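Below you'll find the structure, written out as structure tokens, and then a few comments.
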Amino acid sequence: MTGTGVLAAHTALRWAAALDHRVAQWATRRGRLAVLLHEFVCFGIKQARACLFGGCMLALLLTTWAWYPTDAWLARYDFLVLAALALQVVLIATGLETWDEARVIFAFHVVGTAMEVFKTAMGSWVYPEHSVLRIGGVPLFTGFMYAAVGSYIARAWRLFDFRFVRHPPFAATAWLALAIYVNFFTHHFLPDVRWLLFAALTWLFGRTWILFRVRHVHRRMPLLLGFVLVALFIWLAENVGTFAAAWRYPTQRHGWAMVPLVKLGAWLLLMVISYVMVSAVARRHKR
Numbered sequence: 006m007t008g009t010g011v012l013a014a015h016t017a018l019r020w021a022a023a024l025d026h027r028v029a030q031w032a033t034r035r036g037r038l039a040v041l042l043h044e045f046v047c048f049g050i051k052q053a054r055a056c057l058f059g060g061c062m063l064a065l066l067l068t069t070w071a072w073y074p075t076d077a078w079l080a081r082y083d084f085l086v087l088a089a090l091a092l093q094v095v096l097i098a099t100g101l102e103t104w105d106e107a108r109v110i111f112a113f114h115v116v117g118t119a120m121e122v123f124k125t126a127m128g129s130w131v132y133p134e135h136s137v138l139r140i141g142g143v144p145l146f147t148g149f150m151y152a153a154v155g156s157y158i159a160r161a162w163r164l165f166d167f168r169f170v171r172h173p174p175f176a177a178t179a180w181l182a183l184a185i186y187v188n189f190f191t192h193h194f195l196p197d198v199r200w201l202l203f204a205a206l207t208w209l210f211g212r213t214w215i216l217f218r219v220r221h222v223h224r225r226m227p228l229l230l231g232f233v234l235v236a237l238f239i240w241l242a243e244n245v246g247t248f249a250a251a252w253r254y255p256t257q258r259h260g261w262a263m264v265p266l267v268k269l270g271a272w273l274l275l276m277v278i279s280y281v282m283v284s285a286v287a288r289r290h291k292r
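According to this note's numbering, the stretch in the sequence shown is residues 6 to 292, in order.
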């Protein structure tokens, strides 16, 4: 990180902390409802910070869909690859992203790209525009879309100081993540066992609570509910991505349509893979 980036990040954090302190004092004088409203706003701000990488990627998809020149010498998909790399450099240089979070993004980029190559070959979806920076039918920017999920979880884990009650053993979650990933490939040739995977997910995490700190106090919610909410937002983001013609499903061949709600289940399972990868990094830090 550059000295300028460190100074800018520290200045922004000090300014935000001072503003938060003043607002907290104002809310305390006005009662419990104002305190809860302040905490809700802080929750939204932290969520926006956690979504920074994914939000920037969606903004790039929409902006290039609306205004990128069709006759440009650099294909739109290739521009998105270079823009995503530049975004990574800026986030790290300014301290808005840590190196551990960057490593998670890279790991999930590899995992996602491998699955993309297979899925596009099977006709599950297509990338309708030409590009040079691609593997088979998969433009390289797509790995960053998968990586945005890992980035969100890693950043939220740090910003909200995640803690857990009755969390299953890491080994069990790792085996579940591996089974989910394998099933994304094998269900094209063998029976689809996703319902067994949903059952295993419920059995492992059904009693788990996640504790998250918005300001000073840890709140809690069922971890499974958190998984579903994140998957829902990913599904909504996927609708934005397909609307921006970043990729298309067979049902969208003749024009854009909402992504089928059944995809929510696939995103739930894929999100679990990302969660387990991030938890592996968190476990390493605790040692």
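No residue lacks a Cβ here, since even glycine has one placed at the ideal position from N, Cα and C. Values in this document were obtained by computation on a predicted structure and should not be read as measured data.
Contacts around Asp83, its chain only, beta-carbon distance under 6 Å, and the 5 residues preceding and following it disregarded: Ser136, Val137 and Leu138
Cα-Cα separation between Trp272 and Asp166, rounded to whole angstroms: 24 Å
Contact belief for Tyr151 with Gly117 at Cβ below 8 Å, rounded distance in angstroms: Right, their Cβ atoms sit about 3 Å apart.
Phe169 - containing beta strand (DSSP E), residue span: Arg168 to Val170
Limits of the beta strand (DSSP E) - the one that Arg54 falls within: Element bounds for Arg54: not the beta strand (DSSP E) but the alpha helix (DSSP H), Arg37 to Ala55.
Where His114 falls: helix, strand or coil (DSSP): helix
Three-state secondary structure assigned by DSSP to Arg218: strand
Residues of its chain near Trp293, where Cβ-Cβ distance is below 7 Å and the 5 sequence neighbours each way are ignored: What the structure shows of the chain is the stretch from 6 to 292, and residue 293 is not part of that stretch, so it cannot be assessed.
Backbone secondary structure at Arg212 - three-state DSSP: coil
Whole-number beta carbon distance between Val154 and Thr125, since they are thought to touch under 8 Å: In fact, because the Cβ distance is near 19 Å, the residues do not count as touching under 8 Å.
Alpha-carbon to alpha-carbon, Leu38 and Phe114: Note that residue 114 corresponds to His in the displayed sequence, not to Phe. Looking at the two C-alpha atoms, the distance is approximately 42 Å.
Cross-strand partners of Met226 (DSSP beta bridge): Met226 has Ile215 as its beta-bridge partners, per DSSP.
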